[in-house]
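2 protein chains.
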Amino acid sequence: MIENYNDIAITDTRRKILNIIDKTLIAMDPENAIKNFIEKNNIKFDSKRIFLIGFGKAAFKMYSGIRPFILKDLVYASIIVPDDEKTNDYNELRILRGTHPFTGDLSVSSSISMLSGLKNLNENDLVIVLISGGGSSLFEIPEDGINIDDIKNISKTMMDKGCDIYELNMVRSMLSKVKGGKLATMLYPARVISFIISDVKNDDLSIIASGPLTRIDYRIEDLMETIKKYLGNDERIKMYRNIDDIYFNNVKQYIILKNRDFLDYIYSNINDDAVNLGSNFSGNVEDLSLILHNILKNIYSSKRKPFYFMLGGETTVDVKGHGSGGRNQELVLRFMKNSSNSEVYTIASFGTDGIDGVSPAAGGIVDSDHEIDNINEYLNRNDSYNLLIKNHGAIITGRTGNNVSDIIIGLYYNK
Amino acid sequence: MIENYNDIAITDTRRKILNIIDKTLIAMDPENAIKNFIEKNNIKFDSKRIFLIGFGKAAFKMYSGIRPFILKDLVYASIIVPDDEKTNDYNELRILRGTHPFTGDLSVSSSISMLSGLKNLNENDLVIVLISGGGSSLFEIPEDGINIDDIKNISKTMMDKGCDIYELNMVRSMLSKVKGGKLATMLYPARVISFIISDVKNDDLSIIASGPLTRIDYRIEDLMETIKKYLGNDERIKMYRNIDDIYFNNVKQYIILKNRDFLDYIYSNINDDAVNLGSNFSGNVEDLSLILHNILKNIYSSKRKPFYFMLGGETTVDVKGHGSGGRNQELVLRFMKNSSNSEVYTIASFGTDGIDGVSPAAGGIVDSDHEIDNINEYLNRNDSYNLLIKNHGAIITGRTGNNVSDIIIGLYYNK
Numbered sequence: 024m025i026e027n028y029n030d031i032a033i034t035d036t037r038r039k040i041l042n043i044i045d046k047t048l049i050a051m052d053p054e055n056a057i058k059n060f061i062e063k064n065n066i067k068f069d070s071k072r073i074f075l076i077g078f079g080k081a082a083f084k085m086y087s088g089i090r091p092f093i094l095k096d097l098v099y100a101s102i103i104v105p106d107d108e109k110t111n112d113y114n115e116l117r118i119l120r121g122t123h124p125f126t127g128d129l130s131v132s133s134s135i136s137m138l139s140g141l142k143n144l145n146e147n148d149l150v151i152v153l154i155s156g157g158g159s160s161l162f163e164i165p166e167d168g169i170n171i172d173d174i175k176n177i178s179k180t181m182m183d184k185g186c187d188i189y190e191l192n193m194v195r196s197m198l199s200k201v202k203g204g205k206l207a208t209m210l211y212p213a214r215v216i217s218f219i220i221s222d223v224k225n226d227d228l229s230i231i232a233s234g235p236l237t238r239i240d241y242r243i244e245d246l247m248e249t250i251k252k253y254l255g256n257d258e259r260i261k262m263y264r265n266i267d268d269i270y271f272n273n274v275k276q277y278i279i280l281k282n283r284d285f286l287d288y289i290y291s292n293i294n295d296d297a298v299n300l301g302s303n304f305s306g307n308v309e310d311l312s313l314i315l316h317n318i319l320k321n322i323y324s325s326k327r328k329p330f331y332f333m334l335g336g337e338t339t340v341d342v343k344g345h346g347s348g349g350r351n352q353e354l355v356l357r358f359m360k361n362s363s364n365s366e367v368y369t370i371a372s373f374g375t376d377g378i379d380g381v382s383p384a385a386g387g388i389v390d391s392d393h394e395i396d397n398i399n400e401y402l403n404r405n406d407s408y409n410l411l412i413k414n415h416g417a418i419i420t421g422r423t424g425n426n427v428s429d430i431i432i433g434l435y436y437n438k
Numbered sequence: 024m025i026e027n028y029n030d031i032a033i034t035d036t037r038r039k040i041l042n043i044i045d046k047t048l049i050a051m052d053p054e055n056a057i058k059n060f061i062e063k064n065n066i067k068f069d070s071k072r073i074f075l076i077g078f079g080k081a082a083f084k085m086y087s088g089i090r091p092f093i094l095k096d097l098v099y100a101s102i103i104v105p106d107d108e109k110t111n112d113y114n115e116l117r118i119l120r121g122t123h124p125f126t127g128d129l130s131v132s133s134s135i136s137m138l139s140g141l142k143n144l145n146e147n148d149l150v151i152v153l154i155s156g157g158g159s160s161l162f163e164i165p166e167d168g169i170n171i172d173d174i175k176n177i178s179k180t181m182m183d184k185g186c187d188i189y190e191l192n193m194v195r196s197m198l199s200k201v202k203g204g205k206l207a208t209m210l211y212p213a214r215v216i217s218f219i220i221s222d223v224k225n226d227d228l229s230i231i232a233s234g235p236l237t238r239i240d241y242r243i244e245d246l247m248e249t250i251k252k253y254l255g256n257d258e259r260i261k262m263y264r265n266i267d268d269i270y271f272n273n274v275k276q277y278i279i280l281k282n283r284d285f286l287d288y289i290y291s292n293i294n295d296d297a298v299n300l301g302s303n304f305s306g307n308v309e310d311l312s313l314i315l316h317n318i319l320k321n322i323y324s325s326k327r328k329p330f331y332f333m334l335g336g337e338t339t340v341d342v343k344g345h346g347s348g349g350r351n352q353e354l355v356l357r358f359m360k361n362s363s364n365s366e367v368y369t370i371a372s373f374g375t376d377g378i379d380g381v382s383p384a385a386g387g388i389v390d391s392d393h394e395i396d397n398i399n400e401y402l403n404r405n406d407s408y409n410l411l412i413k414n415h416g417a418i419i420t421g422r423t424g425n426n427v428s429d430i431i432i433g434l435y436y437n438k
């Protein structure tokens with residue numbers, strides 16, 4: 024999967040880390056993941072009329088994995104993937120395109136078109152829904168009286184004012200016809216089985232692709248308070264519908280792959296002393312680099328021997344410049360910038376979808392034996408890619424067709 | 024396994040942690056561990072004359088697990104276990120007793136007696152050696168010209184002067200007829216298969232029970248320097264024999280269970296966000312309690328949600344008083360003592376052999392909702408057990424017949 028392996032595998036430790044990253048991306052491929060999950064949990068698809076819809080970066084690979092189990096009774100299949108996602112042809116599969124990270128008209132037209140194939144569903148029908156990261160922007164149909172630009176502007180206003188994902192998700196599910204459990208109302212009374220790849224903190228079903236099949240219980244007061252806080256008295260967001268339980272009775276949702284699965288696979292493939300810090304790391308990338316130094320220094324002070332470490336999650340970057348780069352590439356450079364002479368390390372950080380921010384790279388790798396100069400200068404321009412590519416430090420995989428947010432892996436000790 | 028469960032399971036989180044500890048002690052039982060290892064690795068015992076010797080806290084349970092695989096061709100079996108270790112009767116097994124943690128005459132006489140059954144070994148014979156923690160003191164025969172009190176005094180002098188385990192091990196293997204690979208010379212030319220449960224940092228074969236079957240390459244200069252550093256010009260330690268490779272050609276050593284296995288089992292049984300800090304933690308117990316606070320605070324500052332944590336290893340305690348307690352019980356009390364009001368936690372620490380220091384307990388459990396007073400007073404007397412037992416905090420299992428050193432497990436977040 025790593026396209027520029029020879030350029031960046033310049034030490035034994037780098038080779039070991041890059042080999043494990045490669046091996047993990049292959050083992051955790053969505054096609055394998057959904058197949059293994061179905062077999063392991065002995066999931067049956069007993070219906071004469073099976074419909075399939077899907078949206079997100081992993082939709083195509085998830086479809087490839089489930090296809091053999093359902094083809095016999097499949098009457099309709101359509102997915103929405105990012106415009107530059109690699110796919111190949113299955114005659115029966117309608118592949119539609121959408122935009123990511125920001126939704127737009129293409130996503131809306133594709134969403135309407137995808138749903139149009141789900142006609143006259145009855146209780147004997149089975150609808151399979153493949154959900155993965157990126158689904159929030161790829162799968163979107165505004166509520167009546169709202170247009171897609173309203174949704175884009177409201178989202179941007181809230182994010183610029185530093186809202187958290189729960190506040191954003193609450194408002195977006197008001198503005199959308201398909202989020203916050205509303206898709207479930209469209210599929211009723213058919214049985215629904217949803218397979219989900221989680222790219223969000225704590226694998227919260229109401230947040231992944233904005234929970235199209237997940238009932239969200241908002242208190243009206245919280246909703247009004249959030250609107251007022253970020254949007255003043257915005258007239259457009261006045262509708263609120265509590266969805267009846269009946270729409271969720273026939274809905275089963277399975278998370279088939281998450282950040283922790285990547286970490287556990289990496290951990291079990293490292294035959295050295297290893298520290299698995301788990302998933303759900305978040306916050307600003309500069310803060311995390313400092314936090315990571317503190318954690319590793321303290322661990323070393325007791326272990327007193329080199330150890331591998333791994334953790335997962337998703338940080339945020341203060342975007343000030345117009346360079347090419349991303350949070351993962353910034354993290355490794357900031358880790359180097361914030362390191363002391365006594366610290367000996369190799370650290371890699373990558374997006375499991377293969378795309379780190381606005382750059383051709385999936386992430387970056389650096390080590391204390393190969394110091395990099397002018398880090399601050401490039402960070403100030405958010406140009407981490409252009410510094411790393413010149414220093415054997417950019418990890419390039421291309422789109423992986425997967426997405427469980429980011430993974431950090433390294434080796435650490437003190438002289 | 025936990026005998027006083029009802030007294031200490033006083034919160035939901037404590038119940039979850041104690042249940043996992045109980046489940047882990049059962050799953051990791053040496054009898055299961057050796058059986059699973061033999062089956063998983065398809066190990067064959069093809070010899071008409073099988074001899075078995077074993078020493079350490081887990082020797083009896085390891086024997087119970089291997090017995091069905093070898094009984095048919097078993098011609099001799101004898102083990103040495105601590106004087107208060109629970110065993111029951113197998114007609115064919117000679118159970119001998121030794122002393123722990125300090126060696127002595129009983130260990131020496133039992134070691135001579137155990138080896139006496141290994142007569143006229145030839146290359147078609149197979150000798151199985153079961154090695155586990157405590158073996159250093161239970162299995163000991165002094166070199167000619169050295170008596171057991173010499174070994175005890177020299178060990179005590181070195182430990183009191185703060186030597187590390189490698190220095191101690193180097194000198195002890197000079198003084199012993201059976202350590203530092205010398206047992207291998209006694210078993211030659213028979214084939215030897217050794218099954219080992221590791222209770223030491225980094226699972227170093229030369230250190231577990233002082234490496235009876237492990238060739239140790241000492242540089243004479245290092246040995247002389249160590250003797251001079253701790254023992255002046257001690258005449259008794261002058262012999263040094265480099266053991267020829269030939270004695271190790273037929274020796275296979277398998278580590279069947281180690282600290283990390285306990286942690287991995289606990290990690291996979293916690294269906295919440297979990298941090299596995301791994302094994303090999305060491306150093307003074309007060310230092311580790313402070314280090315642990317630093318690590319957990321930093322992790323929380325990025326995760327911002329409660330998480331379980333686990334780690335393993337072995338700390339040291341400054342023994343000043345004559346109270347009843349141990350390093351695990353001190354750790355949880357020191358963790359409480361060093362916590363701030365914003366920290367919400369439950370923490371348990373226990374010795375996997377069921378014996379924490381000089382006390383009836385395996386370890387201790389405390390939580391931030393049940394503050395304990397007068398901690399310093401009891402710590403100054405090294406009397407942690409008597410404080411914990413009064414505060415629903417002593418974990419009592421009795422000897423477990425296992426030993427992979429200590430495990431710490433808890434839940435942590437900040438208000």
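Sequence lines, in order, name chains A and B.
Letter by letter, the first sequence follows residues 24 to 438 of the working numbering.
Letter by letter, the second sequence follows residues 24 to 438 of the working numbering.
Don't be surprised by glycine CBs; every beta carbon is placed ideally from N, CA and C.
Task: 7 Å Cβ cutoff met for T420 of chain A and G377 of chain A - done: The Cβ atoms of T420 of chain A and G377 of chain A sit closer than 7 Å to each other.
Task: Rounded separation between G306 of chain B and G336 of chain B - CA only - done: The alpha-carbon atoms of G306 of chain B and G336 of chain B are separated by roughly 9 Å.
- [ ] Apply the 10 Å Cβ neighbour rule to N321 of chain A and answer buried if 16 or more other Cβ atoms are within range, or exposed otherwise.
- [x] Label assigned to N321 of chain A: buried.
- [ ] Out of B:S291, B:Y211, B:S428 and B:L411, state which residue places its alpha-carbon closest to the alpha-carbon of N27 of chain B.
- [x] With distances taken between CA atoms, N27 of chain B lies nearest to B:L411 out of B:S291, B:Y211, B:S428 and B:L411.
Open item on the list: In whole angstroms, give me the CA-to-CA distance for F83 of chain A and L356 of chain A.
Closed with: Straight-line spacing of the CA atoms in F83 of chain A and L356 of chain A works out to 33 Å.
Open item on the list: Taking the alpha-carbon of I188 of chain B as reference, which of B:D227, B:L153, B:N147 and B:L206 has the nearest alpha-carbon?
Closed with: Nearest to I188 of chain B by alpha-carbon distance, out of B:D227, B:L153, B:N147 and B:L206, is B:D227.
TODO: Using a Cβ-Cβ cut-off of less than 9 Å, give me the residues of the stretch 288-300 of chain B that come near chain A, in sequence order.
DONE: Residues of the stretch 288-300 of chain B that bring their beta carbon within less than 9 Å of a beta carbon in chain A comprise Y290, S291, D296, A297, V298, N299 and L300, in sequence order.
- [ ] Less than 8 Å between the CB atoms is what I'm expecting for I395 of chain A and N414 of chain A, so what's the real figure, rounded?
- [x] With 8 Å as the limit, I395 of chain A and N414 of chain A qualify as a contact, their Cβ atoms being about 5 Å apart.
- [ ] Using a Cβ cut-off of 7 Å (strictly closer), state whether G306 of chain B contacts chain A.
- [x] By this cut-off, G306 of chain B is an interface position.
- [ ] Please decide whether S362 of chain B counts as near chain A, where near means a Cβ-Cβ distance under 7 Å.
- [x] No, no contact with chain A.
Open item on the list: DSSP three-state label for G140 of chain A, please.
Closed with: Here G140 of chain A sits in coil by DSSP.
Task: Members of the stretch 316-335 of chain A near chain B, C-beta cut-off 8 Å - done: So the list reads N317, I318, N321, I322, S324, S325, K326, R327, K328 and F330, given in the order they occur along the chain.
TODO: Output the distance between the C-alpha atoms of I151 of chain B and Y436 of chain B, rounded to the nearest integer angstrom.
DONE: Roughly 48 Å separates the two Cα atoms.
Task: Exposure label - I135 of chain B; buried when at least 16 CB within 10 Å - done: I135 of chain B is exposed by the Cβ-count criterion.
TODO: Decide yes or no for the touch test of the stretch 117-126 of chain B against the stretch 43-53 of chain B: beta carbon pairs closer than 8 Å, at least 3 of them.
DONE: Result no; under three Cβ-Cβ pairs closer than 8 Å.
Task: Residues bridged to L119 of chain A [DSSP beta-bridge criterion] - done: Residue pairing by DSSP places L119 of chain A opposite A:I103 in a beta bridge.
Open item on the list: Looking at chain B, is there any beta carbon in it that lies within less than 7 Å of the beta carbon of N303 of chain A?
Closed with: With a threshold of 7 Å between beta carbons, N303 of chain A makes contact with chain B.
TODO: Would you tell me roughly how many angstroms separate the C-alpha atoms of K224 of chain A and L300 of chain A, rounded to the nearest one?
DONE: If you take the alpha carbons of K224 of chain A and L300 of chain A, they lie about 14 Å apart.
TODO: Taking only beta carbons into account, state which residues of the stretch 217-243 of chain A come closer than 7 Å to chain B, listed in chain order.
DONE: When C-beta distances to chain B are compared with 7 Å, the residues of the stretch 217-243 of chain A below that value are N225, in chain order.
- [ ] Give me the Cα-Cα distance between D69 of chain A and E146 of chain A, rounded to the nearest whole angstrom.
- [x] Straight across, the Cα-Cα distance linking D69 of chain A with E146 of chain A is about 12 Å.
Open item on the list: Do I266 of chain B and D257 of chain B have their beta-carbon atoms positioned less than 7 Å apart in this structure?
Closed with: In this structure, I266 of chain B does not lie closer than 7 Å to D257 of chain B by Cβ.
TODO: For R311 of chain A, return the contacting residues in chain B, with the cut-off set at a CB-CB distance below 7 Å.
DONE: Sequence inspection shows Leu at residue 311 of chain A; the Arg mentioned does not correspond to that position. What L311 of chain A touches in chain B: S325.
TODO: Check the DSSP bridge columns for E366 of chain B and list the partner residues they point to.
DONE: Per DSSP, B:N437.
Open item on the list: Under 7 Å, Cβ to Cβ, is there at least one residue of chain A near I432 of chain B?
Closed with: Under the Cβ distance rule, I432 of chain B does not count among the residues neighbouring chain A, no pair being separated by less than 7 Å.
- [ ] Classify E163 of chain B as buried or exposed, calling it buried when 16 or more other Cβ atoms lie within 10 Å of its own Cβ.
- [x] Around the beta carbon of E163 of chain B, a 10 Å sphere encloses 16 or more other beta carbons of the protein chains shown; the residue is thus reported as buried.
- [ ] Please compile the residues from chain B whose C-beta is within a distance smaller than 9 Å of the C-beta of G314 of chain A.
- [x] Correcting the residue type first, residue 314 of chain A is Ile in the shown sequence and not Gly. Chain B residues near I314 of chain A: N321, I322, S324 and S325.
Task: Residue(s) in a DSSP beta bridge with E337 of chain A - done: According to DSSP, E337 of chain A bridges with A:S305.
Task: Option in B:T369, B:M359, B:S347 and B:I370 with minimal Cα separation from D379 of chain B - done: Restricting attention to B:T369, B:M359, B:S347 and B:I370, the CA atom closest to the CA of D379 of chain B is found in B:S347.
Task: Endpoints, beta strand (DSSP E) assigned at S233 of chain A - done: No beta strand (DSSP E) holds S233 of chain A; DSSP gives it neither H nor E.
Task: Buried or exposed by the 16-neighbour rule on C-beta atoms within 10 Å, applied to P463 of chain A - done: In the structure displayed, chain A extends from 24 to 438; residue 463 of chain A sits before or after that span and is not available.
Open item on the list: Since I279 of chain B and F60 of chain B should fall inside the 8 Å C-beta cutoff, what is the C-beta to C-beta distance between them, to a whole number of angstroms?
Closed with: Distance from I279 of chain B to F60 of chain B at the Cβ level is roughly 4 Å; contact confirmed, criterion being Cβ atoms closer than 8 Å.
Open item on the list: Please report the straight-line C-alpha distance between N397 of chain B and L138 of chain B, rounded to a whole angstrom.
Closed with: Answer to the nearest angstrom: the Cα atoms are 51 Å apart.
Open item on the list: When you compare the CB positions of K80 of chain B and G156 of chain B, do they come within less than 7 Å of one another, or not?
Closed with: Yes; because the gap between Cβ atoms is below 7 Å, this pair is in contact.
Open item on the list: Could you check whether the stretch 358-366 of chain A touches the stretch 324-339 of chain A, counting it as contact only if at least three pairs of C-beta atoms, one from each stretch, sit closer than 8 Å?
Closed with: Not touching, per the Cβ criterion.
TODO: Could you name the residues that DSSP lists as bridge partners for K275 of chain A?
DONE: Its beta-bridge partners are A:I216.
TODO: Could you tell me which of A:S221, A:V194, A:G234 and A:G185 sits nearest to T208 of chain A, measuring between CA atoms?
DONE: Nearest option by C-alpha distance: A:G234.
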